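See structure below.
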Amino acid sequence: MSSEILLEARDLTKHFPVTKGLIFSKKIGAVMAVDGISFTINKGETFGLVGESGCGKTTTSRLILILEKITSGTILFQGKDINEMTRDEFEHYRASVQAVFQDPYSSLSPRMKVGKIIAEPLIINGGLNAKEIEERVASLLDLVGLRKDAPVLYPHEFSGGQRQRIAIARALAPDPEIIILDEPVSALDVSIRAQIMNLLREIQKKTHNTFLLIAHDLAVVKHMSNRIGVMYLGKLVEVAESEELCSHPVHPYTQALLSAALPSHPDIVRELIILPGDVPSPLNPPSGCRFHTRCFKPRAICSQEIPPLKEVSSGHFVACHLD
Amino acid sequence: MNSNDTILAVQDLKTYFYTSRGVVKAVDGVSFELKKGETLGLVGESGCGKSITCFSIIRLVPPPAGHIVGGKVLLHGEDLLTKSEKEMTGIRGGRITMILQDPMMSLNPLFTIGEQVAEPIRFHQRLGKFEVWEKVKEMLRLVHIPSPEVRMREYPHQMSGGMRQRISGAMTLSCQPEILIADEPTTALDVTIQAQFLSLLKEIQEKAHLSMIVVTHDFGIVARICDRVAVMYAGKIVESAATRELFNNPCHPYTVALLNSLPKMEVKVDKLYSIDGQPPELHALPPGCSFAPRCPSVTGICLKEYPSQKEITADHYASCWLHG
Amino acid sequence: MLNSQAVSETEEKVKATGSSRPMKMVRGIPWTPVIILSLFLICGIFGSFITPHDPLKTDLRVVKKPPFFQQAGDVKYLLGTDNIGRDILSRIIMGAGVSLQVGFAVVVFAGALGALIALLSAYLGGWIDTILMRITDMFLSMPYLIIAIALAAVLGPSKNNVILIMGILGWAGYARVLRGEVLRMKNADFIKLAIVARAGKIRVMFQHIFPNIVNTLVVLATLQLGNVIIMESSLSFLGLGVPPPEPAWGSMVADGRVIMSMAWWVRTWPGIAILLVVMSSNLLGDWLRLRLDPKFRQL
């Protein structure tokens with residue numbers, strides 16, 4: 001794992017406009033799904049993004065995958081700004097960023113044979129003849145641990161865990177630089193999760209892929225990630241190495257989140273930090289620090305100024321006025 | 001708080017589903033006891049039969065495919081399976097209540113919160129109109145819903161998932177039930193909300209002297225709030241013990257494998273232990289022990305005969321040929 | 001329910017009924033409609049080989065012969081003859097070919113056109129969707145039969161014109177229903193992932209979405225087949241459909257109108273043929289609907 005930056009988000013912002021009116025729709029507000037976040041992902045690492053519903057982590061992944069248009073800010077890939085890429089460079093970016101989604105039952109085209117599903121990125125990219133494609137599909141199936149006769153079968157003939165393997169094989173097909181893993185195991189049975197997590201780590205060791213892992217299960221994120229970013233209401237509140245984040249969380253929200261994690265043994269008792277109230281509406285986020293309405297150590301400045309993401313120790317960034 | 005009274009005893013419960021693919025033995029000889037004030041966790045993966053066990057206890061197994069074909073469910077010694085439907089409606093919501101997984105589905109979008117919390121009160125108790133509303137407010141306060149007088153008039157869609165789940169809780173508690181069954185109550189909730197809800201459950205349990213059965217696939221929940229655990233696989237309980245004992249000394253290979261396959265915040269491992277194979281097809285179970293095809297310690301007899309339950313240590317039971 | 005006798009009784013009862021009811025209804029193939037439709041299909045394809053007589057040949061010596069089971073009837077002319085001596089059975093067999101040819105051609109044409117418009121409209125969205133849907137609404141609101149009659153009167157009676165007219169009038173129903181399906185599928189994960197794999201719009205529409213709406217299309221087509229045959233029969237009855245001497249059931253019914261009181265068989269047998277085919281295709285379509293998609297909402 002090098003410290004070469006593969007992907008960088010700069011002030012990435014996505015607003016979903018809320019309109020009113022049937023014929024002449026007027027914009028009356030916007031959902032600030034992602035509000036000016038900046039982070040880097042290093043080549044070969046697994047970067048985990050955690051947060052609760054509405055924090056913007058899924059929208060962030062959609063922005064990186066160009067499934068949604070960026071409102072403002074930008075993404076730099078291998079140093080190049082995607083807004084300034086040539087058409088070829090942009091196509092190369094698209095091919096280098098692949099994804100595995102949460103639901104194994106809706107991730108695969110129901111009426112397409114597995115072989116065709118996995119081969120599709122290769123067919124679209126071009127450059128390989130039919131025999132080469134067949135060989136590559138076979139080697140991918142071997143890599144993810146699926147049976148050799150899989151290419152002629154349909155997705156419904158496979159279990160959830162096996163379908164997720166197919167999805168992983170398809171994501172690996174175009175030899176991407178980075179794979180976005182959006183809750184890759186949360187829809188699977190507990191005994192299958194370990195299989196898939198082990199598989200992903202094995203693949204990473206072999207192919208040196210970079211992963212962006214989005215998950216709500218803190219234990220899963222900590223197990224798989226080198227570094228973790230914590231999001232709240234569209235903002236990145238803390239970024240640090242996994243071990244460091246979990247043992248020395250600085251941001252009050254991170255502390256609350258970690259205190260709420262379920263123990264792995266009944267003797268482990270954590271002091272639960274209760275956050276009063278509900279998560280505010282992303283239509284109308286609080287002024288200043290988004291978290292100040294539920295924070296247990298607020299100061300006057302918190303409601304006035306948005307705290308910037310600052311490095312408080314080597315590699316450990318926090319967006320909080322408390323230092 | 002923990003007395004030695006057993007208030008619920010399930011004995012050899014069997015619930016089968018008759019489908020076009022064959023007989024699915026969803027619950028196949030399940031026995032356990034629930035003591036007063038105790039929280040029992042029913043743990044297992046999807047299809048193991050934990051939810052159907054609970055639905056069988058309150059006799060809500062969906063016909064025509066599902067039938068309770070054997071066993072006893074003794075509530076203070078009375079067998080619920082022999083009661084008439086009329087008697088059961090009195091028991092459901094009154095003495096035994098249930099919270100389900102999806103807070104969106106548990107609440108009727110067309111009625112206010114107040115109406116819905118009032119409904120079980122009106123059904124099970126004879127109270128005047130004013131007293132009903134006072135009770136509703138009391139219940140909402142019990143589950144920490146702020147400004148209950150205002151919230152009472154609101155509709156479910158105006159509330160967050162966590163609040164809806166708490167309102168479900170309020171509905172179930174309004175008639176002072178003895179037993180609360182929670183079926184995956186926090187699966188749809190965020191991490192922090194989940195933690196708060198579990199604390200709330202514990203708090204209510206203490207205040208109302210409730211006994212709880214918590215159905216879950218998450219050992220974290222078990223570790224957090226359960227006193228006893230029963231691990232289910234393919235319709236049977238394979239191991240049961242006090243929580244601490246189970247975590248410290250798991251005996252059945254399935255329990256061992258499952259606990260080892262979970263990533264833990266406190267311990268860093270390189271590779272997680274993973275169980276081979278897939279969960280079994282319930283209409284075509286192998287002879288002998290259902291876990292044998294995936295068991296790392298399988299022996300000859302495992303493939304032929306299902307192991308009977310043995311007491312390993314005090315109050316710690318397991319069904320495995322490795323232990324006698 | 002709790003003792004072994006009750007268990008085995010239940011098991012017996014359940015096995016006898018073939019398990020829970022909804023499953024039973026769906027599992028068994030509806031043999032009657034399938035056999036009837038197969039018979040007519042065979043007539044349609046191999047008609048010329050199995051007609052006992054030449055359907056076009058007139059024989060004035062055997063005019064208005066009643067069916068074989070009536071007095072004066074003849075086993076050689078099983079269902080009787082019409083007013084110019086043509087064998088009814090042979091004409092029905094040939095007519096099957098005509099009706100089914102027209103039927104299939106129309107559903108294929110209308111179905112394909114409707115599916116294409118649904119795909120473009122729902123997937124591309126925006127003003128394309130708005131325009132195409134307004135056009136669809138226009139076609140849906142037209143009085144089908146009246147316009148068909150008008151067009152047939154203008155274009156003149158011929159089999160191809162019939163197919164053309166009904167195809168042009170019929171696609172809108174498919175488009176509406178299929179558009180709903182496509183809209184639902186548009187946001188599915190597998191579509192998003194196809195886009196991530198850089199699949200272009202055409203690829204997504206035809207390789208990902210279309211195969212998944214084929215089921216609905218087939219069900220719609222089967223249900224429509226009956227309607228088309230009735231429509232074609234109506235046009236032929238009015239003299240605007242398949243022109244004589246080619247036997248079409250509709251015109252056979254029309255022919256028999258004049259001599260109904262004396263020769264009931266001339267129009268009754270073709271009428272029964274229409275009834276059987278339409279009913280069978282409706283029943284088959286219904287069964288297909290349940291079988292292929294139990295959560296089928298649109299129909």
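Residue numbers (the numbering used here), protein chains in the order written: chain A, 1 to 323; chain B, 1 to 324; chain C, 1 to 299. Idealized CB from N, CA, C, for every residue including glycine. The structure displayed is predicted, hence computed values, not measured ones.
| Asked | Found |
| --- | --- |
| The region 136-146 of chain C / the region 188-206 of chain C touching (three or more Cβ pairs under 8 Å) | no |
| Separation of A:G229 from A:G160, as counted between CA atoms | 28 Å |
| Neighbour-count burial assignment, A:R170, 16 or more Cβ in a 10 Å radius | buried |
| Assigned exposure category for C:P55 - 16 Cβ within 10 Å defines buried | buried |
| Sheet register partners of A:P17 (DSSP bridge) | A:A30 |
| Near-chain A residues of the region 181-202 of chain C (beta-carbon distance less than 9 Å), N- to C-terminal order | A188, D189, F190, I191, K192, L193, A194, I195, V196, A197, R198, A199, G200 |
| Positions along the region 269-280 of chain A whose CB lies within less than 7 Å of some CB in chain B | L272, I274, L275, D278 |
| Residue environment, C:K24, which counts as buried when at least 16 other CB atoms sit within 10 Å | With a pLDDT of 43 at C:K24, under the threshold of 50, the predicted position of this residue should be treated as unreliable, and no value is reported. |
| N- and C-terminal bounds of the beta strand (DSSP E) containing B:R228 | 228-233 |
| Minimum Cβ-Cβ distance from B:M171 to chain A less than 8 Å | no |
| Any chain A beta carbon closer than 8 Å to B:F197 | no |
| Range of the contiguous beta strand (DSSP E) that encloses B:D12 | 6-19 |
| A:G48 vs A:A215 beta-carbon contact at 8 Å | yes |
| Beta-carbon proximity list for A:P285, same chain, < 8 Å, skipping 5 on both sides | M32, D35, L233, G234 |
| C:R318 versus A:I123: straight-line alpha-carbon distance, rounded | Examination of residue 318 of chain C is not possible in this model, given that chain C is present from 1 through 299 alone. |
| Closer than 8 Å at the beta carbon, the chain C residues around A:D88 | Here the premise fails: no neighbours, minimum Cβ distance about 13 Å. |
| Same chain only: Cβ atoms within 8 Å of A:P176, ignoring 5 sequence neighbours per side | A95, S96, V97, Q98, N209 |
| Against chain B: residues of the region 42-62 of chain A by CB proximity under 8 Å | E52, S53 |
| Limits of the beta strand (DSSP E) - the one that A:G145 falls within | Element bounds for A:G145: n/a, residue is neither H nor E. |
| Ordered list of beta strand (DSSP E) runs contained in the region 78-164 of chain A, each at least 3 residues | 97-100 |
| B:F197: first and last residue of the uninterrupted alpha helix (DSSP H) it sits in | 191-208 |
| Per-residue burial, C:T130 [other beta carbons within 10 Å of its own, 16 or more giving buried] | exposed |
| Endpoints, the alpha helix (DSSP H) within which B:F55 is located | 50-57 |
| Inter-residue CB distance, A:V50 and A:K113 (contact presumed, cutoff 8 Å) | About 36 Å separates the two Cβ atoms, so there is no contact after all. |
| Closest Cα partner of B:D375 within the set A:V279, A:E241, A:D81 | The requested residue 375 of chain B is not part of the displayed model; chain B covers only 1 to 324. |
| Proximity test, Cβ basis, 8 Å: B:R141 and chain E | In summary, chain E is missing from the structure at hand, where the protein chains are A, B and C. |
| B:V73 versus B:V61 - alpha carbon distance | 14 Å |
| Short-range partners of chain B found in the region 170-192 of chain A, where Cβ spacing is below 9 Å | D189, V190, S191, I192 |
| Touch test, the region 247-255 of chain B against the region 286-296 of chain B, Cβ-Cβ under 8 Å, three pairs minimum | yes |
| Cβ of A:F103 within 8 Å of any chain C Cβ | A small fix is needed here, since residue 103 of chain A is Asp in this sequence, not Phe. It does; some Cβ of chain C falls within 8 Å. |
| Close Cβ partners of B:P120 (< 7 Å) along its chain, the five nearest in sequence each way excluded | G93, M171, S174, C175 |
| Whole-angstrom C-beta distance between C:Y123 and C:Q186, which should lie under 8 Å | Per the sequence presented here, residue 186 of chain C reads as Lys, with Gln not at that position. Indeed, because the Cβ distance is near 6 Å, the residues count as touching under 8 Å. |
| Contact belief for B:M232 with B:G66 at Cβ below 8 Å, rounded distance in angstroms | At roughly 17 Å, the Cβ-Cβ gap does not stay under 8 Å, so B:M232 and B:G66 are not in contact. |
| Own chain residues within Cβ distance below 6 Å of A:I133, not counting five before or after | A119, L122 |
| CB contact below 8 Å: A:Q195 versus chain B | yes |
| Euclidean distance between Cα positions of A:V250 and A:F101 | 31 Å |
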